[in-house]
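Taken in sequence, the protein lines are chains A and B. Quick note on numbering: the first sequence equals residues 0 to 524 in numbering that gives the first Met the number 0. Quick note on numbering: the second sequence equals residues 0 to 248 in numbering that gives the first Met the number 0.
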Amino acid sequence: MGRNLRRTYHFSSEQFISWAAALVLLMCLLPPFLMLGNDLFAGSSLPTALRSLLLSADLWKLFAWTCVLSLLVTAIASMQGIALGVLFAKTEFSGRTALLWVHSFPLFLPPFFAALGWFYLFGTQGWLGNEQTSRLLFGPWGVVLVLGFSFAPIVTWMTVLSLQNIDPTLEEAARISASPARVIVRILWPIARPTITFAAMLVFALSFSELGVLMFLRVKTYPAVIFGRLGGIQFSPGEAFALSLPLLGVAALFLWVENKLKPMQVFHTMGTRSFQTLRYAWGRWQAVVTVSVAGVVSLSLLPYAVLGWRAGVEGFWEIPRWIGDSLYNSLLIALCTATWIGLFGLVVGHALARRNAFQWLENLALFAFMLPSAVVGVGLILAWNRPITGEIYRGMGILVIGLGARYAILGIRAVASTMQRTSEIFEQTASTFGSGYVRTMLRIAIPMHRPSLIGIWLLILLFCLRDLDAVITYAPPGWATLPIRIFTLEANGPEHIVAALAFVHTAVTAALFAGGLFWLRWSLK
Amino acid sequence: MISDVFVLDHISVVYGTKTVLSDVCLRIEQGQIMALLGPSGAGKSTLLRLLLGFQAPTQGTLRIQGQCAATSGKIIIPPESRGLSVVFQTLALWPHMTVWENLEFGLISQKLPRPARQERIDAILQRVGLRDLSKRYPSMLSGGEQQRVAIARALVTRPQAVLFDEPLSHLDIVLRQELLAFFRELFAELELTALYVTHDPWEARYLSSHIAILDQGRLAYCGASKALPTQDGDSAFVQGIMRAWQDVG
């Protein structure tokens, strides 16, 4: 006796993956692909435009200068992030977990806010400012320090996760014959290095892409020149496209390096398992370490506190008059994008984890992430500014698509890492009982990973909420987000209003961040 | 002369409200091969981590070679100073190091000069039959070869004792038989002191001179492996072990 064989129609996983793949292609590949069309050049050919622009020595100098600046940001973020990451992951001191979360917080705010906070502190009119501090801030070193501190949590987290995901027996086998310091240098560091290198690459890509801080601190960079060609008196999308081509090469180079590093990354070889890791005690140095780490963390939070101070009661009082729809827009767009990315990230990430297939989709999403925002902006304008897609281009749709292209990789990779933690036998067992793809996902895969998936959704939401660079290029009238509103007001609006709005954004992010952490903690219990 | 390598004196380990080891007293003498048997969750891994120095006892004292190594919440002798080696179930071969580098790591910690290191590594690789594979990375070796590297790495430092954490549990039967014979030969030849954690009574009987059985954190039996008396009040697991023991005997 056995169960009858039944012929039932189920949507297959292939169908879902095809739809998700089509979406990723539409979002991530269409913009750069359409950039290859030359209808922008009205009479002039692409080679001519390229020649006149790319043979300019000044532009290449600017390109090299942008690379140097991004390398310096990467160096500062990596030094701070690796040191803190090792301390958080491998040592024991008071307030370790709380300090790690507090240290992460600036990552979810536009770096431009930090620049604003430092300006209120060290600008010529600032609380502690004078001509010299202002000159330092409004220059390359100001950019390097502001962005270095803002992006350091990326390196910290990647260091922490990679160190915590190393099989502890590798460390224990070394500890029985070597000191903690030697084990960290000879065993843990070489295994964690590819992941940390990837983190450094992310920082480089983000700082190369950054517009808000650089424009505010009046430091000219290559992506800012492209951005300049997309609006105002220098409007020339054809030139913007020609200028974007070298950046496509940079993104392709990143992708190549990342693919070389990927097999060595801890997440990809082992998933994100949590082990009981060895932690080393500081003994009588514990208080010193706690105070030092708290000092560094407080320093990175200081500019955001300064925003509140600069706003004063008057600034907060006037918020309703100035904020308009921007906060609502920000939240709505972030919610829609996080859900949208979550859905196709679930399908593609699951396929990656279970079949180790569709690597090309992941590569494509990574390519879109590595591309400077200004370049994606040019592509999106080309792709969607047409009569037939006018509704999308003039509404919220273009922002959801643009942010989707930028942060698709977050959803895909995070879901894949999460799914790798569990064996596929749970889903295979469901299949043997006749469960199709949708039912297996809804009843088995999603409930089993629910806390992590909600965590991923929240992470994407916070990244979309903070975004300024990706959306500023193509945000349609009436759909300005809060960071865009603050950035545009900064040029000619009252200082205390700008500070108050930035503080409101910070507070909303803090509430979502803290709420998410509490929920995660509760759900994991 | 001290003949006890390990002395566990009324050791208890408690995690929160859960007692993992409860009042364990155990001695392992020089040259003794002791098998430690127990069901999952019996506290075998905790006992191993305690001996290695990764876990402090909540209560009780651990002595190694007569010296107090850990007592009531404190680790006194850190792992690197205990003179022990370990072969984990997963082997824990460092993937970024060659076979040679895996073996050399512990010798550098002992500050041995290069010629002495060379000599020791050559000798042990010769003994385990891997001399030609010294430049390979662990991923380039078969399962059996990886096992041999793990045991070579454990022995090259000439430890006071070697701890084995179910090293053969995930191998196929043929390789397992081959390595068991190899282990027995090595144990006899080197007069090792070893604690061998396993689930398998046959494996324990084949390799060990003494046996300890842990059940729900308590030491249910400890003694020579030749005679294993059944007592009233033994748990189902212990009785199962006893029966299996008699069968394989």
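Where is the CB? At the ideal position from N, CA and C, for every residue including glycine.
Kindly list the residues whose CB is nearer than 8 angstroms to the CB of valine 101 (chain A), restricted to its own chain and excluding five residues on each side of it in sequence; keep chain order. Working through the first sequence from its first residue, we reach residue 101 (chain A) at position 102. Closer than 8 angstroms at Cβ, skipping near neighbours: Val296 and Leu300.
Hey, how far is the Cα of proline 109 (chain B) from the Cα of valine 148 (chain B)? Here residue 109 (chain B) refers to the residue found at position 110 of the second sequence. Here residue 148 (chain B) refers to the residue found at position 149 of the second sequence. Per the sequence presented here, residue 109 (chain B) reads as glutamine, with proline not at that position. Glutamine 109 (chain B) and valine 148 (chain B): Cα-Cα distance of roughly 19 angstroms.
What residue ranges within the segment 390-465 of chain A form continuous alpha helix (DSSP H) runs of no fewer than 4 residues, ordered along the chain? Those alpha helix (DSSP H) runs which fall completely within the segment 390-465 of chain A and span 4+ residues are 395-419, 424-431, 436-439 and 449-465.
For phenylalanine 502 (chain A) and alanine 310 (chain A), the rounded distance between their alpha carbons: Residue 310 (chain A) sits at position 311 when you count from the first residue of the first sequence. Residue 502 (chain A) sits at position 503 when you count from the first residue of the first sequence. Rounded to whole angstroms, alanine 310 (chain A) to phenylalanine 502 (chain A) spans 8 angstroms at the Cα level.
Nearest by alpha-carbon distance to tyrosine 303 (chain A): which of A:Ala469, A:Thr90 and A:Thr508 is it? What you label residue 303 (chain A) is simply residue 304 of the first sequence in a count that begins at 1. Nearest C-alpha to tyrosine 303 (chain A): A:Thr508.
Nearest-angstrom Cα distance between leucine 113 (chain A) and valine 13 (chain B)? Counting from one through the first sequence, the residue named residue 113 (chain A) turns up at place 114. Counting from one through the second sequence, the residue named residue 13 (chain B) turns up at place 14. The question names leucine, but residue 113 (chain A) in the sequence shown is alanine. Looking at the two C-alpha atoms, the distance is approximately 47 angstroms.
Given a limit of 9 angstroms on CB to CB distance, which residues of the segment 77-91 of chain B reach chain A? Residues passing the 9 angstroms Cβ filter: Pro77, Pro78, Glu79, Arg81, Gly82, Leu83, Ser84, Val85, Val86, Phe87, Gln88, Thr89, Leu90 and Ala91.
Residues of chain B with CB under 7 angstroms from leucine 525 (chain A), in chain order? One cannot answer for residue 525 (chain A) here, as it falls past the ends of chain A, which runs 0 to 524.
Answer with buried or exposed for tyrosine 406 (chain A), where buried requires no fewer than 16 other C-beta atoms within 10 angstroms of its C-beta. For this step, residue 406 (chain A) is matched to residue 407 along the first sequence. So tyrosine 406 (chain A) counts as buried.
Which of helix, strand or coil DSSP assigns to serine 208 (chain B): The residue you call residue 208 (chain B) lines up with position 209 of the second sequence. Looking at serine 208 (chain B) - three-state DSSP - the assignment turns out to be coil, as it is neither helix nor strand.
Quick one: measure Cβ to Cβ for glycine 59 (chain B) and leucine 124 (chain B), integer angstroms, because I've assumed they're closer than 8 angstroms. For the purposes of this step, residue 59 (chain B) is identified with residue 60 of the second sequence, where counting begins at 1. For the purposes of this step, residue 124 (chain B) is identified with residue 125 of the second sequence, where counting begins at 1. Contact flag wrong, Cβ pair sits at about 40 angstroms.
Rounded to whole angstroms, what is the Cα-Cα separation between threonine 156 (chain B) and glycine 105 (chain B)? Position 157 of the second sequence, counted from the start, is the residue given in the question as residue 156 (chain B). Position 106 of the second sequence, counted from the start, is the residue given in the question as residue 105 (chain B). Distance between the alpha carbons of threonine 156 (chain B) and glycine 105 (chain B): 6 angstroms.
Quick one: list the residues of chain A neighbouring threonine 156 (chain B), beta-carbon separation under 8 angstroms, in chain order. The residue you call residue 156 (chain B) lines up with position 157 of the second sequence. Contact of threonine 156 (chain B) with chain A by beta-carbon distance below 8 angstroms involves Ser176.
Is the CB-CB distance between leucine 325 (chain A) and arginine 484 (chain A) below 8 angstroms? Position 326 of the first sequence holds residue 325 (chain A). Position 485 of the first sequence holds residue 484 (chain A). Note on residue identity: the sequence assigns serine, not leucine, to residue 325 (chain A). Remark: C-beta atoms of serine 325 (chain A) and arginine 484 (chain A) approach each other more closely than 8 angstroms.
Name, please, each residue of chain A whose Cβ falls closer than 9 angstroms to the Cβ of leucine 51 (chain B). Sequence index remark: in the second sequence, residue 51 (chain B) carries index 52 (1-based). Per Cβ cutoff of 9 angstroms: Glu171, Arg174 and Ile175.
Shorter than 8 angstroms from the beta carbon of glycine 105 (chain B) to some beta carbon of chain A? Counted from its first residue, the second sequence places residue 105 (chain B) at position 106. Closer than 8 angstroms: yes.
Just to confirm, is the Cβ distance from arginine 278 (chain A) to threonine 90 (chain A) under 8 angstroms? As a position in the first sequence, residue 278 (chain A) is number 279, starting the count at 1. As a position in the first sequence, residue 90 (chain A) is number 91, starting the count at 1. Yes, Cβ-Cβ distance for arginine 278 (chain A) and threonine 90 (chain A) is below 8 angstroms.
Exposed unless 16 or more other CB atoms sit within 10 angstroms - verdict on proline 493 (chain A): Translated into positions along the first sequence, residue 493 (chain A) becomes position 494. With fewer than 16 other Cβ atoms inside 10 Å of its own Cβ, proline 493 (chain A) counts as exposed.
Short-range partners of chain D found in the segment 466-489 of chain A, where Cβ spacing is below 9 angstroms: Although the question refers to chain D, the structure presented lacks it and instead comprises the protein chains A and B.
Listed from N- to C-terminal order along the chain, which residues in the segment 184-213 of chain A have their beta-carbon within a distance smaller than 8 angstroms of any beta-carbon of chain B? From the segment 184-213 of chain A, only Arg185, Ile186, Pro189 and Ile190 have a Cβ closer than 8 angstroms to chain B.
So leucine 277 (chain A) contacts chain B; which residues on that side make the cut at Cβ distance below 8 angstroms? Position 278 of the first sequence holds residue 277 (chain A). Contact note: leucine 277 (chain A) reaches chain B through Phe53, using a C-beta cutoff of 8 angstroms and chain order.
For alanine 160 (chain B), which residues does DSSP report across the bridge? Taking the second sequence and counting its residues from 1, one reaches residue 160 (chain B) at position 161. Alanine 160 (chain B) is bridged to B:Leu83.
Using the rule of at least 16 other Cβ atoms within 10 Å of the residue's Cβ for burial, across every protein chain shown, is alanine 444 (chain A) buried or exposed? Residue 444 (chain A) sits at position 445 when you count from the first residue of the first sequence. It is buried - the Cβ of alanine 444 (chain A) has at least 16 other Cβ atoms within 10 Å.
Histidine 495 (chain A) versus cysteine 463 (chain A): straight-line alpha-carbon distance, rounded: Here residue 495 (chain A) refers to the residue found at position 496 of the first sequence. Here residue 463 (chain A) refers to the residue found at position 464 of the first sequence. Rounded to the nearest angstrom, the two C-alpha atoms are 25 angstroms apart.
Output the boundary residues of the alpha helix (DSSP H) element that contains serine 103 (chain A). For the purposes of this step, residue 103 (chain A) is taken as the residue at position 104 of the first sequence. Per DSSP, serine 103 (chain A) belongs to the alpha helix (DSSP H) from 95-103.
My output table needs one value for histidine 95 (chain B): the three-state DSSP class, helix, strand or coil. Here residue 95 (chain B) refers to the residue found at position 96 of the second sequence. Histidine 95 (chain B): coil per DSSP, three-state reduction.
Is the number of C-beta pairs between the segment 201-210 of chain A and the segment 358-373 of chain A that are closer than 8 angstroms three or more? Yes: at least three Cβ pairs fall under 8 angstroms.
Contact set between the segment 107-133 of chain B and chain A, restricted to residues whose Cβ is under 9 angstroms from the partner: Across the segment 107-133 of chain B, CB contacts with chain A closer than 9 angstroms involve Ile107, Ser108 and Gln109, in sequence order along the chain.
Classify isoleucine 24 (chain B) as buried or exposed, calling it buried when 16 or more other Cβ atoms lie within 10 Å of its own Cβ. Here residue 24 (chain B) corresponds to residue number 25 of the second sequence, with the count starting at 1. Looking at the sequence provided, one finds cysteine at residue 24 (chain B) rather than isoleucine. It is exposed - the Cβ of cysteine 24 (chain B) has fewer than 16 other Cβ atoms within 10 Å.
From what residue to what residue does the beta strand (DSSP E) around glutamine 58 (chain B) run? Walking along the second sequence from the start, residue 58 (chain B) turns up at place 59. First-last of the beta strand (DSSP E) with glutamine 58 (chain B): 58-63.
When the Cβ atoms of the segment 143-160 of chain A are set against those of the segment 171-185 of chain A, are three or more pairs found closer than 8 angstroms? Judged by Cβ distances under 8 angstroms, the segment 143-160 of chain A makes no contact with the segment 171-185 of chain A, as fewer than three pairs qualify.
Whether or not the segment 137-147 of chain B and the segment 91-100 of chain B are in contact is what I'm after, with contact meaning three or more pairs of Cβ atoms, one per stretch, closer than 8 angstroms; do they touch? Yes, they touch.
Of the choices A:Ile453, A:Gly94 and A:Trp188, whose alpha-carbon is the least far from that of valine 85 (chain A)? Residue 85 (chain A) sits at position 86 when you count from the first residue of the first sequence. Between valine 85 (chain A) and the set A:Ile453, A:Gly94 and A:Trp188, the nearest pair of CA atoms involves A:Trp188.
Would you list, in chain order, the members of the segment 47-79 of chain A that have their beta-carbon closer than 7 angstroms to a beta-carbon of chain B? The residues in question: there are none.
For threonine 16 (chain B), which of helix, strand or coil comes out of DSSP? Start at 1 with the first residue of the second sequence, and residue 16 (chain B) comes out as number 17. Three-state DSSP puts threonine 16 (chain B) in coil, outside helix and strand.
Fully enclosed by the segment 113-140 of chain A, which alpha helix (DSSP H) runs are 4 residues long or longer? Runs found: 130-136.
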